[in-house]
Amino acid sequence: MSLPEIRCGHCGRKLAEGHVLVLSIKCPRCRAHNHLKAAEPPASASSHATAKDAHAWPTTHHR
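Here it is as structure tokens:
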């Protein structure tokens with residue numbers, strides 16, 4: 049069973065592989081802050097097998 053890929057929502061770079069409930073990660077390529085949250089917890093392991101690539105939502109933080 050292969051794990052779903054998690055990619056940057058801005059540039060598409062692969063950031064991680066796996067199943068997440070909540071993830072916040074900064075893309076090393078484009079520096080976008082990506083936040084990924086599961087819509088609902090998985091009911092069973094079989095629901096993971098049907099997942100395709102996940103794309104995070106990039107956010108812009110002004111400092």
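Going by this note's numbering, the sequence shown opens with residue 49, and the numbers climb by one from there.
No residue lacks a Cβ here, since even glycine has one placed at the ideal position from N, Cα and C.
As the structure is a computational prediction, the values presented were derived from the model and not from experiment.
Using the Cβ count rule (16 or more neighbours within 10 Å means buried), how would you classify residue i?
i: C56; result: buried
i: L84; result: buried
i: C75; result: buried
i: L51; result: exposed
i: A86; result: exposed
i: L69; result: exposed
Could you name the residues that DSSP lists as bridge partners for residue i?
i: S50; result: Answer by DSSP bridge pairing: none, since S50 is not bridged.
i: E65; result: E53
For residue i and residue j, what's the separation of their Cα atoms in angstroms?
i: I54; j: E88; result: 17 Å
i: L71; j: G60; result: 16 Å
i: L63; j: M49; result: 19 Å
i: A80; j: I73; result: 8 Å
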